[in-house]
RNA sequence: GGCGACGUGGCCGAGUGGUUAGGCAGAGGCCUGCAAAGCCUUGCACAGGGGUUCGAUUCCCCUCGUCGCCUCCA
């Protein structure tokens with residue numbers, strides 16, 4: 149069974165599931181008011197890797213990740229741009245999913261939208277009011293955190309401790325709130341703002357309510373795993389939990405949070421304006437490079453992501469693709485029926501089960517590259533190398549890292565140059581052969597010798 | 001102020017009380033007609049100062065520095 153760090157316990161513990169062989173997980177998705185940045189990319193990749201690994205391990209995974217499509221930021225941005233907020237949200241949702249597709253993140257099994265759950269949120273808020281856990285003020289409905297057992301579990305601080313500092317933040321809704329930490333469940337609409345009906349007045353839901361409602365609706369009480377970025381632990385997840393606790397419902401069994409993407413040692417964030425969008429990364433680089441960077445660091449550690457780390461990963465990817473090409477050249481009959489090397493697979497599972505030790509897996513992937521190349525250099529007939537190749541391919545698949553071993557589509561004229569080069573080489577006319585190689589290179593291709601003649605691939 | 005994390009070789013990034021993480025970049029070699037790819041070899045690395053220990057980068061203490069959260073935030 150996989151063991152994962154649980155934020156609520158501050159310890160690595162086995163991921164106990166409600167039902168054996170089934171994992172229900174909820175990962176907080178984006179608020180669609182702008183293009184996703186590398187931070188969103190990291191959590192998406194981390195949880196995608198976990199999900200794929202669980203699936204590979206034979207678990208049945210139910211993966212839910214929401215789209216927050218109503219939020220102050222969306223309204224603000226729509227007003228700024230003078231357009232309809234629903235259209236804006238829809239546009240950024242599309243951008244979100246195309247970016248996710250590009251980095252190879254599987255679509256969630258369900259992607260509930262906040263706007264589709266407003267009625268249920270109103271119902272939940274009513275229940276909270278009936279339980280005296282929430283109250284109405286002139287500007288909205290608030291949850292009374294003092295009514296909640298163990299508030300501060302995920303913040304790792306008691307309510308009192310939280311209140312002692314806090315810097316110079318403006319406390320939202322101060323004046324009407326019973327306690328400064330009380331948070332808004334329902335916001336009354338100001339003129340011109342979108343509004344849904346409620347027993348207390350027209351308005352819109354607060355951010356923390358949607359995830360409670362949607363996770364419980366789609367995954368049920370006591371679902372297995374709830375995840376997101378480290379900065380969601382508090383207040384977002386804390387407040388989700390608070391609502392569930394106040395209702396007396398069993399919430400997430402395990403809390404998992406990933407570390408930040410950093411730039412020059414500082415958290416990448418919209419407010420610091422030091423972010424790179426996922427869209428820019430995808431346009432400028434091989435999208436697989438980001439997955440490799442994520443695999444190479446532990447999910448709870450911060451990771452520096454800059455142009456140079458991405459380029460380094462792209463170069464590392466070349467090494468993987470080189471082997472994939474080499475493997476593709478092998479007569480399939482030699483590899484047929486090869487079972488993945490059991491030792492390698494056992495090591496892989498032990499690492500991954502140990503709080504998702506992907507750095508070890510990354511090292512293993514490259515270690516296998518060396519082993520396989522060495523065996524191939526030694527002219528192994530497939531007996532030893534077959535299982536290693538099978539293991540390598542399985543591991544890559546289990547973590548969602550694609551490698552390309554197929555030949556590139558080479559234009560006729562380039563192939564003609566390669567053929568002429570082979571003739572020149574045959575005749576030992578080296579100067580001619582080299583000139584042809586330069587010509588091929590100038591056209592954007594690489595000409596490499598191989599036992600079967602000149603091989604051409606994209607430079 | 002409270003809570004938490006961290007400081008590893010040119011860069012990224014794991015880990016461990018005594019044995020090679022890994023990747024990128026660099027150097028040398030093998031292979032090659034020359035290359036490329038591949039293979040081999042290679043790099044006072046663990047912020048500083050104490051302490052515990054036969055032995056600490058790894059444990060404890062202190063100092064310095066950095067970062068995160070404390071209701072915008074993945």
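In this note's numbering, the protein residues as written are 149 to 607.
Even for Gly, the Cβ is constructed at its ideal location relative to N, Cα and C.
- The alpha-carbon of residue 496 is positioned some 9 Å away from that of residue 539.
- Secondary structure note for residue 246: its alpha helix (DSSP H) is the uninterrupted segment 233-250.
- Note on residue 509: 16 or more other CB atoms within 10 angstroms of its CB, so buried under the neighbour-count rule.
- DSSP, reduced to helix, strand and coil, places residue 210 within a strand of the structure shown.
- Taking C-beta atoms under 8 Å as the contact rule, residue 177 and residue 210 fail to qualify, at a distance of about 15 Å.
- Burial is judged here by how many other beta carbons sit within 10 angstroms of a residue's own beta carbon; residue 535 has at least 16 and is buried.
- Spanning the alpha carbons of residue 360 and residue 597 requires a straight line of approximately 60 Å.
- Put simply, the segment 384-396 does not touch the segment 419-429. Fewer than three CB pairs are less than 8 Å apart.
- Per DSSP, reduced to three states, the secondary structure at residue 191 is helical.
- In this structure residue 186 is in contact with residue 429, their Cβ atoms being roughly 7 Å apart against a cut-off of 8 Å.
- Secondary-structure assignment with DSSP links residue 502 through a beta bridge to 151.
- Contact between the segment 372-380 and the segment 266-286 is absent, with fewer than three C-beta pairs closer than 8 Å.
- When secondary structure is reduced to three states using DSSP, residue 326 falls in the coil class, being assigned neither helix nor strand.
- In this structure, the straight-line span from the alpha carbon of residue 474 to that of residue 467 is close to 11 Å.
- Residue 332 and residue 470 have their C-alpha atoms roughly 55 Å apart.
- In this structure, the alpha-carbon of residue 328 lies about 10 Å from that of residue 310.
- Contact check for residue 216 and residue 358: beta-carbon distance about 7 Å, within the 8 Å limit, so the pair qualifies.
- Collapsing the DSSP output to three states places residue 446 in coil.
- When C-beta atoms of the segment 222-230 are compared with those of the segment 399-407, fewer than three pairs fall below 8 Å, so the two segments do not count as touching.
- Ranking 251, 222 and 258 by CA distance to the CA of residue 173 puts 258 first.
- Ranking 436, 447 and 410 by CA distance to the CA of residue 454 puts 410 first.
- Ranked by Cα distance from residue 193, the first of 181, 516 and 251 is 251.
- Going by C-alpha positions, residue 599 is about 11 Å away from residue 570.
- Here residue 559 is not bridged, per DSSP, to any residue.
- In this structure, residue 181 and residue 265 do not form a Cβ contact; the two beta carbons are roughly 18 Å apart against a cut-off of 8 Å.
- Bounds of any beta strand (DSSP E) do not take in residue 463; it lies within the alpha helix (DSSP H) bounded by 455-476.
- Shown here, residue 406 sits in a strand according to DSSP, grouped into three states.
- No Cβ-Cβ contact shorter than 8 Å links residue 556 with residue 504.
- Under the three-state reduction of DSSP output, residue 384 falls in the helix class.
- Ranking 457, 587, 450 and 462 by CA distance to the CA of residue 191 puts 450 first.
- Using a Cβ distance threshold of 8 Å, residue 196 and residue 253 count as a contacting pair.
- Inclusion of residue 268 and residue 365 in the CB contact set at 8 Å is warranted, their separation being smaller than that value.
- Per DSSP, residue 585 lies in no beta strand (DSSP E); the unbroken alpha helix (DSSP H) holding it starts and ends at 578-590.
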